[in-house]
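S.K.: What follows is a structure written as structure tokens; I'll ask about it next.
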Amino acid sequence: MIHFTPMDIEVPDTTSEGGNPYKRAKQPQVVRRALLDEAVKLIVSGGLSAVTVQAVAAAAGVSKGGFLHHFPTKLALIDAVFKDLLDSIDSELDRYMANDTEAAGVFTRAYVKVVLETDGESSDNPKAALSIFMLTEPQLRHAWANWFNARLDRHDATDRDTRFALVRFATDGIWLSALSDIDMPDRLELRDRLLEAAKP
């Protein structure tokens with residue numbers, strides 16, 4: 005089992021800049037972003053065991069020293085990838101909630117949209133990497149639970165109703181079924197049904 009560094013490490017907010025990140029070694033944030041993105045692709049294609057210092061560095065077009073400048077160990081990289089995924093989900097949730105005009109169930113509807121986006125089958129989709137983390141690493145499941153419970157606390161006034169909880173649990177069930185290759189009805193239709201059920 006992988007042992008992770010504490011989850012309270014501050015991870016800077018990064019954004020990708022234009023051009024080929026593999027040829028911009030003197031731009032630290034671009035290199036860091038490339039390392040995170042390539043790690044996600046390796047996790048999705050081969051699981052956590054596919055993530056090695058050499059494999060990620062080669063995929064990102066940087067030297068081993070360049071990798072170690074940003075992440076002193078493989079575990080530090082995996083920790084940063086997980087935190088980056090949570091930051092991305094936070095941003096998506098906030099964006100959907102900002103565009104929702106109804107207060108009751110606003111977090112639940114945003115959660116359904118984020119989890120059941122139709123691009124979830126993409127081979128390099130970050131949510132696929134998050135799913136692998138959740139299924140294989142107990143410590144990261146615990147970190148996810150802490151994050152999710154904190155979001156629920158924030159939205160207790162709008163989403164405490166049991167009906168909204170049932171919608172969120174159903175959403176998680178669809179997510180898990182998709183990971184397990186269980187046959188199911190059209191995912192978009194399921195999402196729309198859940199959004200309807202989560203209306204005020």
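Residue numbers (our numbering): 5 to 204.
We put the CB at the ideal spot given by N, CA and C, even for glycine.
The structure displayed is predicted, hence computed values, not measured ones.
1) According to DSSP, is Pro32 part of a helix, a strand, or is it coil?
2) Is it the case that the Cβ atoms of Arg195 and Val110 are separated by a distance below 8 Å?
3) Looking at Thr112 and Ala202, is the spacing between their C-beta atoms short of 8 Å?
4) Short check: CB of Leu134 to CB of Phe75, under 8 Å?
5) Using three-state DSSP, classify Ser49 as helix, strand or coil.
6) Excluding the 5 residues preceding and the 5 following Glu96 in the sequence, name in chain order all residues of the same chain whose CB lies nearer than 7 Å to its CB.
7) Taking the CB atoms as reference points, tell me whether Met138 and Trp151 lie closer together than 8 Å.
8) Indicate the three-state DSSP secondary structure (helix, strand or coil) for Pro204 in the structure shown.
9) Suppose the cutoff is 7 Å on Cβ atoms and the five residues either side in sequence are ignored; what does the same chain contact list for Ala43 look like?
10) Tell me which residues share the same chain as Leu46 and place their Cβ nearer than 8 Å to its Cβ, disregarding the 5 neighbours each side in the sequence.
11) For Ser184, does the three-state DSSP call read helix, strand or coil?
12) List the whole-angstrom C-beta distance separating Ile178 from Leu52, where the pair is believed to meet the contact cut-off of C-beta under 8 Å.
13) Quick check on DSSP: helix, strand or coil for Pro142?
14) Below 6 Å CB to CB, which residues in the same chain sit around His159 once its five sequence neighbours on both sides are set aside?
15) How close, in whole Å, do the beta carbons of Glu48 and Ala132 come, if the pair is a contact with beta carbons under 8 Å?
16) Hey, quick one: how far does the alpha helix (DSSP H) through Phe75 stretch, first residue to last?
17) So within the segment 75-121, which uninterrupted alpha helix (DSSP H) runs reach at least 4 residues, ignoring any that extend past its ends?
M.R.: Short version:
1) helix
2) no
3) yes
4) no
5) helix
6) Val118
7) no
8) coil
9) Val55, Val60, Leu81, Val85
10) Ala54, Val55, Ala59, Val60, Ala63
11) coil
12) No, Ile178 and Leu52 are not in contact; Cβ-Cβ is about 24 Å, not under 8 Å.
13) helix
14) Phe111
15) According to the sequence provided, residue 48 is Val. The question's Glu does not apply to it. That pair is a contact at about 5 Å.
16) First-last for Phe75: undefined, no H or E at that position.
17) 78-102, 110-119
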